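Colleague: By this note's numbering, the letter at position 13 of the sequence shown is numbered 18, and the numbering carries on one by one without gaps. Think of the CB as a built atom: it goes at the ideal place given N, C-alpha and C, for glycine as much as any other residue. Being a predicted model, the structure only gives us computed values, none of them experimental.
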Amino acid sequence: MKLSFPQLLQLRNKINELTTAENLENIIQNENFVLLFIADRKDLVFLEVPKLLDLKEEISLCFYSYL
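Given below as structure tokens:
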């Protein structure tokens, strides 16, 4: 799926919000997955916790600065 830069920023913010220690604990205790709308609600993604963490890492690499 293609994302514009603002959509990528929005996704990064949502992923960072979901992957705080408190939110991860709540996700694991309840259903152990999240449903995430992406690209202005055009796409719906089902992510289990390991995949959510993988996505966080992939997105953070997009913003990594090579100094």
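(1) Does Leu23 pass the burial test, meaning 16 or more other C-beta atoms within 10 Å, or should it be called exposed?
(2) Does the contact criterion of 3 or more C-beta pairs under 8 Å hold for the region 36 to 53 versus the region 10 to 28?
(3) Identify the residues that DSSP records as bridge partners of Glu53: which are they?
(4) For the putative contact between Leu13 and Cys67, defined by C-beta atoms under 8 Å, what is the C-beta separation to the nearest angstrom?
(5) Bridge partners for Asp48 per DSSP, in chain order?
Modeller: From the atom records:
(1) Burial check for Leu23: the Cβ neighbour count within 10 Å reaches 16 or more, so the residue is buried.
(2) yes
(3) Glu53 is bridged to Phe38.
(4) 7 Å
(5) Ile43
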